[in-house]
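Right, one structure below, let's go through it.
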Amino acid sequence: MSKHYDAIVIGAGLGGLGAAAKLARAGYSVRVLERHVQVGGYASTFVRGRFEFDVSLHALSGIGTAGHGGDMRDMLADLGILDRLEFRTIDPLYRTVAPGVDVTLPPGWEAATDALCTAFPAERRGIERFLGHLRALQQDVLTMTRKEGLAANPLRVISQYPRVAHAASAPLAPFLHREVQDPAARLVLAQLWGYFGLPPSQVGLLYFGLGLASYLEYGGTYPVGKSQALSNAVAGAAEAAGAEITLGCGARQILLDGGKVAGVVTDDGEPLASDLVISNASPHALCAGLLPPEAVPESFRRRVAAGPISLGSVCVYLGLARTAESLGIRDHEVWVNASTDIESHHRAQLGLGVPEAYLFTCYNVTDPGASPPGTAVAVLVSLADGKPWLALPPDEYRAAKLRVAESMLAGVEQRFPGLRDAIEELAVSTPLTNLRYTGNPDGAIYGTANTPAENPGFRLNYPGPVPGLYLVGAWTRPGGGFEPCLSSGYTAAKLIVGGAA
Numbered sequence: 002m003s004k005h006y007d008a009i010v011i012g013a014g015l016g017g018l019g020a021a022a023k024l025a026r027a028g029y030s031v032r033v034l035e036r037h038v039q040v041g042g043y044a045s046t047f048v049r050g051r052f053e054f055d056v057s058l059h060a061l062s063g064i065g066t067a068g069h070g071g072d073m074r075d076m077l078a079d080l081g082i083l084d085r086l087e088f089r090t091i092d093p094l095y096r097t098v099a100p101g102v103d104v105t106l107p108p109g110w111e112a113a114t115d116a117l118c119t120a121f122p123a124e125r126r127g128i129e130r131f132l133g134h135l136r137a138l139q140q141d142v143l144t145m146t147r148k149e150g151l152a153a154n155p156l157r158v159i160s161q162y163p164r165v166a167h168a169a170s171a172p173l174a175p176f177l178h179r180e181v182q183d184p185a186a187r188l189v190l191a192q193l194w195g196y197f198g199l200p201p202s203q204v205g206l207l208y209f210g211l212g213l214a215s216y217l218e219y220g221g222t223y224p225v226g227k228s229q230a231l232s233n234a235v236a237g238a239a240e241a242a243g244a245e246i247t248l249g250c251g252a253r254q255i256l257l258d259g260g261k262v263a264g265v266v267t268d269d270g271e272p273l274a275s276d277l278v279i280s281n282a283s284p285h286a287l288c289a290g291l292l293p294p295e296a297v298p299e300s301f302r303r304r305v306a307a308g309p310i311s312l313g314s315v316c317v318y319l320g321l322a323r324t325a326e327s328l329g330i331r332d333h334e335v336w337v338n339a340s341t342d343i344e345s346h347h348r349a350q351l352g353l354g355v356p357e358a359y360l361f362t363c364y365n366v367t368d369p370g371a372s373p374p375g376t377a378v379a380v381l382v383s384l385a386d387g388k389p390w391l392a393l394p395p396d397e398y399r400a401a402k403l404r405v406a407e408s409m410l411a412g413v414e415q416r417f418p419g420l421r422d423a424i425e426e427l428a429v430s431t432p433l434t435n436l437r438y439t440g441n442p443d444g445a446i447y448g449t450a451n452t453p454a455e456n457p458g459f460r461l462n463y464p465g466p467v468p469g470l471y472l473v474g475a476w477t478r479p480g481g482g483f484e485p486c487l488s489s490g491y492t493a494a495k496l497i498v499g500g501a502a
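In structure tokens:
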């Protein structure tokens with residue numbers, strides 16, 4: 002007879018782990034199935050030589066301080082693991098460099114406003130209006146979620162929260178361009194577009210605005226032990242409450258009985274019984290065979306097919322045999338731009354050419370212990386559409402990968418002479434790497450692209466296409482990123498436990 006669980010979780014990314022931990026702590030018997038050999042999905046690390054590299058985390062949002070914390074801090078506290086983690090504050094949040102531009106943005110609304118107005122005095126009024134609007138938008142959303150609970154009524158949102166309703170249906174560009182005229186000032190204000198995967202003309206104002214607002218309100222942080230420490234802590238909370246986590250074995254298919262969830266079959270062929278399955282896999286995997294094909298409603302197939310897939314990434318991981326200080330690296334995060342034209346930067350990411358914008362992160366600036374003494378660990382990142390990478394013939398793939406990596410290395414070495422000679426370990430990932438490890442179509446890193454049509458309230462909801470199935474992760478509400486993904490699993494579990502879903 003199949004072993005029975007109250008809930009089975011497919012995938013141990015932050016969404017799956019968050020759901021598992023919350024359900025287990027509520028008394029559910031939980032089994033987590035993960036194909037990889039470690040938990041975390043993109044929130045994990047890997048080792049080359051004497052260096053441990055963070056797969057994807059740059060700056061964690063929503064932590065803040067004990068007296069002024071955000072949702073991420075609250076979730077970790079509720080899961081009983083906040084005191085197991087140590088966070089370092091990132092200050093400044095980021096530095097933007099482009100021809101004729103070199104501006105650092107500190108955390109805090111007032112400090113950020115002062116820095117921007119000092120750099121662009123002619124744009125003071127527009128900068129103040131832009132940031133003021135985002136701050137008000139953040140407060141509206143906080144008020145709305147506290148009053149409306151986990152599932153706000155759309156009609157009430159439109160009538161009582163017009164600022165939220167407008168931001169949910171509009172891209173960033175019209176609002177940004179109305180308030181700020183200088184392309185350089187626009188670049189600095191919108192620089193975190195790379196965190197959301199789309200340029201101002203396409204990224205949803207609500208998603209971008211709330212993201213930037215969170216960093217300004219609570220600051221950015223980095224966990225000691227890298228993102229693997231965060232994932233391990235959430236997994237530990239689940240296991241401490243009785244959950245079983247199986248690594249190196251995923252789910253082959255979800256079983257149904259009478260049109261309802263009845264369990265899963267593991268990759269090893271073992272049937273497991275449960276009338277509740279939480280899927281951290283992409284919805285595309287559900288349509289491609291994780292659910293019996295005849296059980297997938299056509300409306301769900303159309304909805305999944307209509308959702309644009311976000312970009313992937315090319316990452317160049319660097320283990321440096323010199324300290325960050327000796328190389329002149331003073332900032333945790335430096336965005337390198339060929340010009341002030343963000344739309345051009347995005348267009349370049351849709352092909353296989355040289356990136357026009359990329360990110361350089363050196364973790365030792367924030368956490369001196371991020372690598373062995375006398376060394377530094379860093380990463381170069383460019384967003385990249387996975388489709389042309391997947392279409393490359395195998396004999397051209399390596400050359401394309403090294404060409405893109407070399408272009409970013411050449412650019413960053415102009416700012417930090419000696420960096421190339423200090424490289425001890427180098428690893429390059431592409432959208433194909435992402436696809437291999439996560440199964441995300443096109444190697445996507447943000448799930449569904451963060452367009453206005455896919456804003457947090459319009460994305461796939463937690464209840465899935467068949468009774469007993471719930472969806473979590475970057476493809477669902479509220480969206481991609483560390484805090485949103487953990488929130489998806491945590492919120493779905495709250496709905497299940499409360500019976501409100």
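Residues in the sequence shown are numbered from 2 upward in steps of one, following the numbering used here. Glycine is no exception: its CB is placed at the ideal position from the N, C-alpha and C atoms.
For H346, the closest of A289, A385, L231 and G448 by C-alpha to C-alpha distance is A385. The C-alpha of A67 is placed about 30 angstroms away from the C-alpha of V189.
Remark: fewer than three beta-carbon pairs, one from each stretch, lie closer than 8 angstroms, so the segment 451-463 and the segment 423-431 are not flagged as touching. It is roughly 7 angstroms from the alpha-carbon of N456 to the alpha-carbon of L207. Of the residues assessed, P356 falls on the buried side of the cut-off, its CB having 16 or more other CB atoms within 10 angstroms.
Cβ-Cβ distances below 7 angstroms link V413 to V337, F361, L381 and L420 in the same chain, with the five nearest sequence neighbours on each side left out; the list follows chain order. Annotation for P163: the continuous alpha helix (DSSP H) segment containing it runs P163 to S170. Put simply, the backbone Cα of V305 is about 20 angstroms away from that of A252.
For Y318, the CB contacts under 6 angstroms within the same chain, skipping 5 residues up- and downstream, are F54, V380 and A428 in chain order. A residue is called buried when at least 16 other Cβ atoms come within 10 angstroms of its Cβ; A78 does not meet this threshold and is exposed. Its Cα nearest to that of Q192, the residue E344 stands out among L353, V38, E344 and R157.
DSSP places Y216 in the helix class (H, G or I) of the three-state scheme. A straight line joining the alpha-carbon of S232 with that of V10 spans about 15 angstroms. DSSP places G19 within a helical segment (H, G or I) once states are collapsed to three. Secondary structure note for Y398: its alpha helix (DSSP H) is the uninterrupted segment P395 to R416. Between the segment 113-127 and the segment 249-267 there are fewer than three C-beta pairs closer than 8 angstroms, too few to call the two in contact. Within its own chain, the residues whose Cβ lies closer than 7 angstroms to the Cβ of L18, once the five positions on either side in sequence are excluded, are V40, S232, V235, A236, A239 and G490, listed in chain order. Boundaries cannot be given for F459, as no beta strand (DSSP E) includes it and DSSP labels it neither H nor E.
R147 is bridged by DSSP to nothing; it lacks a bridge partner.
H346 carries a helical assignment under DSSP once its states are collapsed to helix, strand and coil.
When DSSP states are grouped into helix, strand and coil, D103 belongs to the strand group. For A8, no alpha helix (DSSP H) run applies; the uninterrupted beta strand (DSSP E) run containing it begins and ends at A8 to I11, by DSSP. Excluding sequence positions up to five before and after M73, its CB lies within less than 6 angstroms of the CB of G63, I64 and E484, all in the same chain and listed in chain order.
With respect to the 7 angstroms criterion, V405 and V467 are not classified as neighbours on the basis of their beta carbons. In the structure shown, G205 falls within a strand segment according to DSSP collapsed to helix, strand and coil. Non-local C-beta neighbours of A120 in its own chain, meaning closer than 6 angstroms and more than five positions away in sequence, comprise V104, ordered along the chain.
Scanning its chain for C-beta atoms nearer than 7 angstroms, with the 5 sequence neighbours on each side dropped, one finds around A282 the residues I11, G12, L291 and G440, in chain order. The segment 20-30 makes contact with the segment 80-95; the number of CB pairs closer than 8 angstroms reaches 3 or more. As computed with DSSP, Q39 is found in no beta bridge at all.
In its chain, beyond the 5 residues on either side, M145, V165 and A166 have a beta carbon closer than 7 angstroms to the beta carbon of V158. Restricting attention to L173, Y95, E334 and V33, the CA atom closest to the CA of F131 is found in L173.
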